[in-house]
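In terms of our numbering, the sequence shown opens at residue 68 and continues consecutively.
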Amino acid sequence: MVKSVEEIELIRNSSLLVSKTLAELAGHVKLGITALDLDKIAEEFIRDHGAEPGFKGYGGFPNTLCFSMNDQVVHGIPGNTVLKEGDVLSIDCGTLWNNYYGDQAFTFAMAGVSEEVLKLLRVTRKSLDLGIEQAVVGKRVGDIGFAIQQYCEREHSYGVVRELVGHGLGKNLHEDPEVPNYGKKGQGVRLQENMVLAIEPMINLGVRNVRTADDGWTVITRDGKVSAHYEHDVVVKKDKAEVLTDFSIIDKAISKNKELQEIVE
Ligand code: MG
Ligand code: MG
């Protein structure tokens, strides 16, 4: 599970390309565009950089983006529905570059989103930061999950999805260890320097329960309420995890797009 310095550099390149792809998409989101339009833009952008979409064909998934809107949690298939005011867009993207994967998710909000939903996005994003704070040598996987669960469930009464989890990352999109967004302090796999983890809280406004749609892919909240998903790829270090993906370029692109709501306060 521990990666070499050379491997980490390759994962960093792939991870950063995902961030750039999500920032590129943030510049294209507008009323009337479809998820499928954005999927094409993402695929072209990734290929133009000499990489391959990491999700396309993975387990039979048909597209470059997992595009999950509103009550969809993850694994949504991009479709022809046009984006409208107040939509919540969870976009998860992967790249495969020089044999190493990058994997990042970001939940965007179209302008007009409610304050209640905006708060869910901010809390989910903050919970990711709290999880990353635990990704240091000597801690255990359970410490990451505990931090996320505690903040989202105890402090904000949101639903923490149990069925899907974060993971190790490298030559494979999903490697050991699993990184659940719930857990007990001091339990689970011990974290070692240079493990690379994709940490990705999936947090529901309502109940934590989910179901899979008839398409066999899309995971949806049981109560039909909105869900949020943020994901970073991080390297476990002694004092502070190193984050390979980058939200700042996505935030910057959002700030320039009037049809998107800024997430950061
Ligand atoms: Mg992902
Ligand atoms: Mg992932």
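Virtual Cβ for every residue (Gly too), placed ideally from N, Cα, C.
Confirm the yes/no value for this check: CB of residue i, any heavy atom of ligand 2, distance under 7 Å.
i	result
Gly-198	no
Gly-233	yes
Asp-243	no
Asp-104	no
Just the C-alpha distance for residue i and residue j, rounded to the nearest angstrom, thanks.
i	j	result
Pro-120	Lys-307	30 Å
Val-331	Ile-270	17 Å
Val-310	Ala-172	14 Å
Phe-314	Asp-282	31 Å
Arg-221	Glu-111	42 Å
Thr-312	Thr-88	11 Å
Glu-326	Gly-255	42 Å
Asn-70	Leu-258	Looking at the sequence provided, one finds Lys at residue 70 rather than Asn. If I take the Cα positions, the gap works out to 12 Å.
Thr-162	Ser-181	32 Å
Ser-322	Leu-187	19 Å
Thr-279	Lys-292	15 Å
Is there at least one non-hydrogen atom of ligand 1 closer than 7 Å to the beta-carbon of residue i?
i	result
Gly-161	yes
Glu-298	yes
Ala-202	no
Glu-267	yes
Asp-313	no
Only counting the same chain, and skipping five residues up and downstream in sequence, which positions put a Cβ closer than 7 Å to that of residue i?
i	result
Phe-213	Gly-250, Lys-251, Lys-252
Ile-199	Ile-266, His-299, Val-301, Ala-308, Val-310
Val-277	Val-140, Val-228, Glu-230, Val-286, Ile-287, Thr-288, Arg-289
Tell me which residues share the same chain as residue i and place their Cβ nearer than 8 Å to its Cβ, disregarding the 5 neighbours each side in the sequence.
i	result
Leu-343	One cannot answer for residue 343 here, as it falls past the ends of the chain, which runs 68 to 332.
Trp-164	Leu-77, Asn-80, Ser-81, Leu-84, His-116, Gly-117, Ala-118, Glu-119
Spatial neighbours of residue i within its chain, please: C-beta separation below 6 Å, excluding the five flanking residues on both sides.
i	result
Cys-219	Ser-194, Tyr-225, Val-227, Ile-270
Leu-132	Asp-106, Ala-109, Pro-145, Ile-158, Cys-160
Lys-97	Glu-326
Given the structure, does residue i come close to ligand 4, in the sense that its CB is under 7 Å from one of the ligand's heavy atoms?
i	result
Asp-170	The model on display carries ligand 1 and ligand 2 but not ligand 4.
- Message: Give the list of continuous beta strand (DSSP E) stretches no shorter than 3 residues that lie fully inside the stretch 111-148.
- Response: 132-136, 139-141
- Could you pull out every unbroken beta strand (DSSP E) segment of at least 3 residues lying fully inside the stretch 146-209, listed in chain order? 155-164, 167-177
- Task: Enumerate, from N- to C-terminal direction, the unbroken alpha helix (DSSP H) stretches of 4 or more residues contained entirely within the stretch 282-326.
- Result: Listed in chain order, they are 315-322.
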